[in-house]
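Let me begin by presenting the structure, written as structure tokens, before commenting on it.
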Amino acid sequence: MKPADLTTDYVRQFLYGPGTIFHARSRASADIVMDDRLEGWIGIPHGGISMGVMMDLAAALGGYPERGNPLFPVSADFRLGGTGIRVGDRLHFDVASAEAGAEGSVTVDGNPLEYMLSSIRYGEDSGGHGKLFAAFMPEKCGDLLKELSPLPSYRNCFVCGVGRSHPGLRRQFHLWNAPGKVVVSPVGFDAGDRDSFCRFTRNGFLHPLPFLALLDEILGWGGFMISGSGAVTVRIGYTFYRPVADGERLLFFGRGDRVRGRAGSRLLYWASGGAAAVGEDGSLEMVVGASGQWFGIPELTEQMKSSLLPREQMERAFEAAGE
């Protein structure tokens with residue numbers, strides 16, 4: 001297998017650091033130490049990072065669709081939970097060509113149990129992700145940005161971290177003052193986004209990585225708003241409907257759909273959402289749909305209470321989740 005050159009690609013420099021991608025025509029692999037640059041929950045690497053690596057490796061395969069062949073829509077499904085991971089773990093990523101796409105796995109320090117499995121399919125719409133988002137996506141931006149209440153953030157999270165010393169997405173989440181406890185995060189409305197979310201581009205288009213990570217987190221927030229529980233992703237799927245150019249204005253949405261069980265015992269919740277491009281007239285166009293399932297973890301709920309900032313917003317978030 002031949003190593004890939006990482007020196008001219010910011011996304012790959014960020015993901016792999018000094019590491020190397022090894023690839024042949026039908027297989028690509030990489031080993032990555034999940035350091036604190038890649039943190040989500042405190043002490044736990046962000047799941048969206050591993051998803052982004054899987055899609056990046058799939059794009060390095062010889063079977064990746066060439067110009068003129070159908071690439072979009074792209075559907076990507078991920079299953080997590082065979083084994084847990086912590087900051088400092090070395091993960092092995094392996095992706096191989098499959099019919100109409102790629103299949104992959106992630107293992108931890110030689111543990112035979114997979115941390116994550118992936119299935120990526122080109123020119124295919126799985127159907128369900130976009131339909132769930134369409135059920136509550138507004139037609140226009142309108143006054144939505146004036147109807148948002150801020151939610152708290154972590155200090156070092158790759159997506160929402162407000163005190164990071166490394167590049168990150170620096171997203172602010174908001175509860176939309178509308179029926180359904182919908183969580184919203186705008187992108188591209190602030191010049192500072194050039195150095196955060198929009199930094200993760202390739203050839204003039206946004207890389208899948210920021211979409212995967214932000215949607216994983218905003219859907220998790222949507223589920224929290226109907227459950228009051230911190231949780232880890234069990235499975236999540238995405239459909240990308242078209243490439244998104246650097247500089248487009250976007251709105252990300254997440255909503256909890258249903259809960260089974262209760263906090264403190266075995267709790268599961270389901271959530272859906274997506275990303276919409278904002279047109280010149282304020283109209284919204286779905287560019288990504290997503291849906292998934294989460295497993296409640298009481299220790300993460302306590303971590304939210306002790307670590308989310310500012311404290312006043314944390315308290316309001318828990319109050320809203322209890323309504």
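Numbering (this note's numbering), first residue to last: 1 to 323. Here a beta-carbon is modelled for each residue, glycine too, at the ideal position from N, C-alpha and C. Treat the numbers as computed from the prediction; the structure is a model and nothing was measured.
Output the distance between the C-alpha atoms of residue i and residue j, rounded to the nearest integer angstrom.
i, j, result
"Leu308", "Asp35", "21 Å"
"Phe224", "Val184", "14 Å"
"Ala178", "Gln172", "18 Å"
"Asp143", "Arg121", "36 Å"
"Gly222", "Gly62", "38 Å"
"Arg194", "Gly204", "12 Å"
"Ala191", "Gly168", "15 Å"
"Gly17", "Phe133", "35 Å"
"Asp246", "Ser196", "12 Å"
"Glu312", "Ala98", "49 Å"
"Gln303", "Tyr154", "10 Å"
"Asp9", "Leu15", "10 Å"
"Val33", "Val87", "8 Å"
"Ile236", "Ser291", "6 Å"
"Phe158", "His166", "9 Å"
"Ala60", "Gly40", "26 Å"
"Arg79", "Asp281", "38 Å"
"His20", "Ala317", "Per the sequence shown, the amino acid found at residue 20 is Thr instead of His. Going by the C-alpha atoms only, they are around 42 Å apart."
"Val162", "Asn156", "7 Å"
"Ser283", "Phe72", "22 Å"
Can the beta-carbon of residue i be found less than 7 Å from the beta-carbon of residue j?
i, j, result
"Ala271", "Ser229", "no"
"Ala231", "Gly289", "no"
"Cys141", "Val244", "no"
"Val11", "Phe240", "no"
"Leu267", "Gly273", "no"
"Leu175", "Ser149", "yes"
"Tyr269", "Gly256", "yes"
"Val106", "Ser50", "yes"
"Ser219", "Gly254", "One point to set straight first is that residue 219 is Leu, not Ser, in the sequence displayed. Yes, Cβ-Cβ distance for Leu219 and Gly254 is below 7 Å."
"Pro152", "Met286", "no"
So the candidates are the options; which of them puts its Cα closest to the Cα of residue i?
i, options, result
"Val187", "Asp94, Ala290, Asp257, Ala275", "Ala275"
"Lys305", "Ile42, Ala277, Gly128, Phe14", "Ile42"
"Leu215", "Phe252, Ser196, Asp190", "Phe252"
"Val248", "Pro310, Pro65, Gly104, Phe189", "Reading off the sequence, residue 248 comes out as Glu, not Val. Ranking the options by Cα distance to Glu248, first place goes to Phe189."
"Arg199", "Leu219, Ser227, Ile226, Arg170", "Arg170"
"Gly81", "Glu103, Asn111, Arg202, Leu250", "Asn111"
"Val234", "Asp77, Gly40, Ala60", "Asp77"
"Gly130", "Arg316, Ser265, Arg242, Phe318", "Arg242"
"Cys160", "Ala213, Thr83, Val182", "Ala213"
"Glu325", "Ile21, His23, Ile44", "As displayed, the chain neither begins before 1 nor continues past 323, which places residue 325 out of reach and without an answer."
"Glu124", "Leu284, Leu250, Asp31, Pro65", "Pro65"
"Ala321", "Asp89, Ser265, Val182", "Val182"
"Asp89", "Arg202, Gln13, Asp31", "Asp31"
Counting C-beta neighbours from all protein chains within 10 Å, is the total for residue i 16 or more, i.e. buried, or is it exposed?
i, result
"Leu38", "buried"
"Met1", "Unreliable placement is indicated for Met1, whose pLDDT of 47 sits below 50; the coordinate value is still reported in the next sentence. By the 10 Å Cβ count, Met1 comes out exposed."
"Glu217", "buried"
"Lys146", "exposed"
"Arg164", "buried"
"Ala135", "exposed"
"Ser227", "buried"
"Pro310", "exposed"
"His46", "buried"
"Gln293", "buried"
"Gly48", "buried"
"Arg258", "exposed"
"Gly52", "buried"
"Gly101", "buried"
"Gly84", "exposed"
Would the beta-carbon of residue i be found less than 6 Å away from any heavy atom of the ligand NAP?
i, result
"Phe224", "Within the structure as shown, the ligand NAP is missing, as the structure has no ligands at all."
Next on the checklist: Whether or not the stretch 207-219 and the stretch 48-57 are in contact is what I'm after, with contact meaning three or more pairs of Cβ atoms, one per stretch, closer than 8 Å; do they touch?
Outcome noted: Cβ pair count under 8 Å is three or more, so yes.
Checklist entry - For the stretch 129-149 against the stretch 110-119, are there 3 or more C-beta pairs whose distance is under 8 Å? => result Output reads no: the stretch 110-119 does not touch the stretch 129-149.
Checklist entry - Would you call the stretch 17-32 and the stretch 82-97 touching, i.e. three or more CB-CB distances under 8 Å? => result Touching, yes.
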